[in-house]
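Visitor: Submitted below is the structure of interest, expressed as structure tokens.
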Amino acid sequence: MSREIIYTTMEILPGRTLANNLMNIPGAEVFEKECKKYGFSFAHFEDMERDPALGNGGLGRLAACMAESAATKKIPMKVSVLRFRDGFFRQEVEDGYQKEMPDRWFGPDGTYPLEKKQEWLKQKVTYHDNGMKATVTMVPYDVPVIGYGGYCNYIRMWGVDGVEAECGEGKKAMYYDIDSKLYPDDSNAYGEKLRLLQEYALSSATVGSVIDCCKENGWDLKSLPKHYCIHINDTHAALMIPELMRRLMEDYHFIEKDAWKVVKHTFVYTNHTILAEALKRWPIWLMESVIPHVYKVIDHMHHGFSKMLAEDYKGKEFETKLKNMAILYDGEVHMARLAIWGAYSVNGVAQIHTNILCERELRDFYEYMPDKFVNVTNGVTQRKWLYHANPELSAFLTKYTGDNEWIKDLSKIKKIENYAADPSVQKEFLDVKKTNKERLFELMDAEVRRNVDAGWMVDTHVKRFHEYKRQQMNCLKIAYLYLKLKDNPKMEFAPTVFLFAGKAAPAYKQAKCVIKLVHQLKDMINHDPDVNQKMRVEFIKDFNVSKAEIIYAGSDLSEQISTASKEASGTGNMKFMMNGALTIGTLDGANVEICEAVGSTNMYLFGMTAAQVMRLEANTGKYRPMEELNQDPYVKKAVFLLDRLQPKITEEWFYGVNTNPADRFFVLKDFAGYVNAFLESNKEYQNKALWAEKCIRNIACSGGFSSDRMVDDYCKKVWFV
Ligand code: 26V
């Protein structure tokens, strides 16, 4: 079946697109030549482009990789998003504290140079406010995403074009804020409501445009699923399900059975997290007051589903099923449940994540409808993350695999493994890494840059700051090594730069403490002459796609150290692997599959398994973090050092924050294993040949982590195209 995929997502992180688009078009060299003729370098044009930060992290970047790989495979796709006037935020650091600044990404004329307004596709979105109606007109702007070979997909960004409202001007302003920024602060009532308005604007405009396109083409709406598959990327756009149902019945007079049939063949849902706090629920009263016409449909769907459950389960068991599965429960609308019920396919983003969904988080759903659940492991596009990000390594790969086939078929990269043990090839690889490291150093503080060289190990931890990602455990490791090196100046140790980058959610206090802690360590260590010729700490502010490209290429060690079971997949892990960095990590997310691909001897694995973590979590009170301090006096000293610098973090380890158990991400439990794994990597790093060999093997085995493979899997298992 050939149908277009409408990939609907709150986040998108395309990075700068001009160069990628050009790179993928046959004959792009002409452009480069012309630039030269007029005295411009291509890089000059590239640098003029802003890097749109319309996402948090992996979720948004995945959407961009998806669109590019789909275009490369000539799978028609539109990525449907909101056209936020401000990006997530621009990260500044003041005295070690994160400061959030508005991230204005449009040009001075309020537009993005690569977008094209599509007036003809305007959509009207209806809201209510205390019985008063408001209609918001949304208009799409299309940004091309060109695949390798020239096929073009689009990012379709919906912006507010006008508001008609019965309420006063003051209230009207809120509707103009719909496209103001991603994830407005929802700790206040305004922000929370605004987020709901945003979710509905995205959902309603997307569904409306799909209906209009069917009409435009003269297609019967009953055949909508023959022409479109609408992909719900995380739950933010799950309202598309009741919205399509509503439109078909209210505007096109479908009977319920027929509308439901269309819905059930149209939607698919991808889950990207098991963290309870990220599984979105809306208060019923809020939804009922803002979008009563949609809530009515949800309520109806809920009753239909509950009735079915009542037929299949009785008594106590029925009660449990309702508690775990009902769309409406305890005064809340459960968005993931709505998505699971309305979609014909549900998937996780790495095998271990899908397993946890099926066996634990969504177990009742899985038992009830096992055929709906599939796994599609994430991937990243090698054209952005290797070909564009790392030209030197690309040339090396083309030379040794014999051609540039790997650009469109990453499995071809396997051929490089034949050279992994060849000393001259190893040397060539290390030269490439040296060049990339020097480029990375350019992003660092002048003071750091002056004191390190390409011989130093670059140990990199870049991603969103979140407790489960355990940047605080890395800080503890740095403190531990600092104290040890101070006491044992003769200790064998390859000089290392400990590099961090990433943003913390503006309201996430603990995560912001960790950013401050990194800066405190940086201050202390970089100025301590006892150690600063052996270790340096660096934080690169305002992590974005463009900086990421340089960082992955120039790193030696990739920190993927989440508490097992918490990271759905991770995609940074794949980008590092392709760029010839070795992973230090837990068996979590896609690390498990990376390990299967390259073998555990080519990584530095440590820590509890997901099963062990889940068992310990179930045994509340069984884990006593304090006891972990007694194994090694330096652990105790390092913890005391951090306690002096950021007591909020050590408090979490010993007492827990709010009602959470102490050290709920098992930092102290996994710490000894982590330090040992790091010391092992640091020792092996000194054996240049061995290190290069492992890096080359990692690159060779990264073929399965291309988003081209991911798109193939979605075609076969989910979209059926
Ligand atoms: C949920 C919420 C709920 C409250 C409002 C703000 C907000 C923002 C995001 C989310 C969902 C986050 C899910 C997410 O980003 N998951 C990441 O998805 C990546 C791509 O699949 C995956 O590699 C990462 O492991 C996973 O954490």
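Quick note: the sequence shown uses the numbering used here, first residue 23, plus one each step.
Glycine included, C-beta positions come from ideal geometry on N, C-alpha and C.
(1) Reducing DSSP to helix, strand and coil, say where S209 ends up.
(2) For M196, which residues of its own chain have a beta-carbon under 8 Å away from its beta-carbon, when the five flanking residues on both sides are left out?
(3) Near I718, which residues of its chain fall below 8 Å by C-beta distance, leaving aside the five closest residues on each side in sequence?
(4) Following the continuous alpha helix (DSSP H) through E650, name the residue where it begins and the one where it ends.
(5) Our contact map puts L664 next to A501 with C-beta atoms below 8 Å; I'd like the distance itself, whole angstroms only.
(6) Using a Cβ-Cβ cutoff of less than 7 Å, which residues in the same chain neighbour F687 once the five nearest sequence positions on both sides are dropped?
(7) Once DSSP output is grouped into helix, strand and coil, what is the label at C236?
(8) How about K302: is its Cβ closer than 8 Å to a heavy atom in the ligand 26V?
(9) Got a sec, what are the start and stop residues for the alpha helix (DSSP H) K333 sits in?
(10) Run through DSSP, which three-state label would V635 get?
(11) Give the single residue among E715, Y530, M546 whose Cα lies nearest to the Cα of D207.
(12) Given a cut-off of 9 Å, decide if A259 and S231 are closer than it, judged by their beta-carbon atoms.
(13) If you reduce the DSSP assignment to three classes, tell me which class W428 lands in.
(14) How is L543 classed by DSSP in three states: helix, strand or coil?
(15) Ignore the nearest five residues each way along the sequence and tell me which others in N369's own chain have a CB closer than 8 Å to its CB.
(16) How would you write the range of the alpha helix (DSSP H) that E354 sits in, first residue to last?
(17) Who are R788's beta bridge partners in DSSP?
(18) Is there contact here, the stretch 299-309 with the stretch 341-361, by at least three beta-carbon pairs under 8 Å?
(19) Please list, in chain order, all residues of the same chain as A516 whose beta carbon is under 7 Å from its beta carbon, the five residues on each side excluded.
(20) Taking the alpha carbon of T403 as the reference point, which residue from A93, C174, Y250, I254 has its own alpha carbon closest?
(21) Thinking C-beta only, is A570 closer than 9 Å to A411?
(22) Under the criterion of a Cβ to heavy atom distance below 8 Å, does T423 qualify as lining the ligand 26V?
(23) Which residues share a DSSP beta bridge with E122?
(24) So the alpha helix (DSSP H) R107 belongs to, where does it begin and stop?
(25) By a C-beta neighbour count over all protein chains shown, 10 Å radius and 16 as the cutoff for buried, is W307 buried or exposed?
(26) State the Cα-Cα distance for the pair E383 and C535, rounded to the nearest angstrom.
(27) Need the endpoints of the beta strand (DSSP E) that T94 sits in, please.
(28) Leaving out five residues on either side along the sequence, give the residues of the same chain with a beta carbon under 7 Å from the beta carbon of L419.
(29) Can you grab the Cα-Cα spacing for the pair H150 / S311, in whole Å?
(30) Starting from Q145, follow its DSSP beta bridges and name the residues at the other end.
(31) Tell me the DSSP secondary structure of L663 in three-state form.
(32) To the nearest angstrom, report how far apart L754 and D280 are at their CA atoms.
(33) Do F128 and A75 count as a contact pair if the criterion is CB distance below 9 Å?
(34) Going by the CB atoms, is the gap between A85 and M160 shorter than 9 Å?
(35) Is it the case that the stretch 50-64 contacts the stretch 86-106, given that we only count it when at least three CB pairs across the two stretches are under 8 Å?
(36) Measuring CB to CB, does M747 end up less than 9 Å from F327?
Guide: Concretely, from the data shown:
(1) Coil at S209, not helix or strand.
(2) Apart from the 5 residues on each side of it in sequence, M196 sits with its Cβ closer than 8 Å to the Cβ of Y212, K215, L216, L219 in its chain, given in chain order.
(3) Excluding sequence neighbours, I718 sits near I438, E439, Y441, A442, V447, Q448, F451, G602.
(4) Annotation: E650 is outside any alpha helix (DSSP H) and is labelled neither H nor E by DSSP.
(5) Contact flag correct, Cβ pair sits at about 6 Å.
(6) Only E489, Y490, R492, T585 meet the Cβ criterion.
(7) Looking at C236 - three-state DSSP - the assignment turns out to be helix.
(8) Yes - the ligand 26V has a heavy atom lying nearer than 8 Å to the Cβ of K302.
(9) The residue asked about is misnamed: residue 333 is Glu in this sequence, not Lys. From DSSP, the alpha helix (DSSP H) with E333 extends over 314-334.
(10) Helix, per DSSP.
(11) Each of E715, Y530, M546 was checked against the Cα of D207, and the nearest Cα belongs to Y530.
(12) Here S231 is not near A259, since their CB atoms are 9 Å or more apart.
(13) Helix, per DSSP.
(14) L543 carries a helical assignment under DSSP once its states are collapsed to helix, strand and coil.
(15) These residues qualify, in order along the chain: V290, Y291, T292, N293, T376, F395, V396, N397, V398, K739, V740.
(16) From DSSP, E354 is part of no alpha helix (DSSP H) but of the beta strand (DSSP E) over 354-356.
(17) Not covered by the structure: residue 788. The range shown for the chain is 23 to 743.
(18) Touching, per the Cβ criterion.
(19) For A516, where only same-chain residues beyond five positions count, the Cβ hits under 7 Å are M479, N704, Y707, Q708.
(20) Of A93, C174, Y250, I254, the residue nearest in Cα terms is A93.
(21) Yes; because the gap between Cβ atoms is below 9 Å, this pair is in contact.
(22) Checking the Cβ of T423 against the ligand 26V gives no.
(23) Answer by DSSP bridge pairing, in chain order: Q113.
(24) From DSSP, R107 is part of no alpha helix (DSSP H); its letter is neither H nor E.
(25) The residue is exposed, with fewer than 16 neighbouring Cβ atoms inside 10 Å.
(26) Straight through space, the alpha carbons of C535 and E383 are spaced by roughly 30 Å.
(27) According to the DSSP assignment, T94 belongs to no beta strand (DSSP E) but to the alpha helix (DSSP H) extending over 80-94.
(28) For L419, where only same-chain residues beyond five positions count, the Cβ hits under 7 Å are W428, I435, I438.
(29) Rounded to the nearest angstrom, the two C-alpha atoms are 7 Å apart.
(30) BP columns for Q145 point to M160.
(31) In the three-state reduction of the DSSP assignment, L663 falls in the helix class.
(32) Since the displayed the chain opens at 23 and closes at 743, residue 754 lies outside it and no answer follows.
(33) With respect to the 9 Å criterion, A75 and F128 are not classified as neighbours on the basis of their beta carbons.
(34) Not a contact, by the Cβ cut-off of 9 Å.
(35) With the cut-off at 8 Å, the stretch 86-106 and the stretch 50-64 do not touch.
(36) As displayed, the chain neither begins before 23 nor continues past 743, which places residue 747 out of reach and without an answer.
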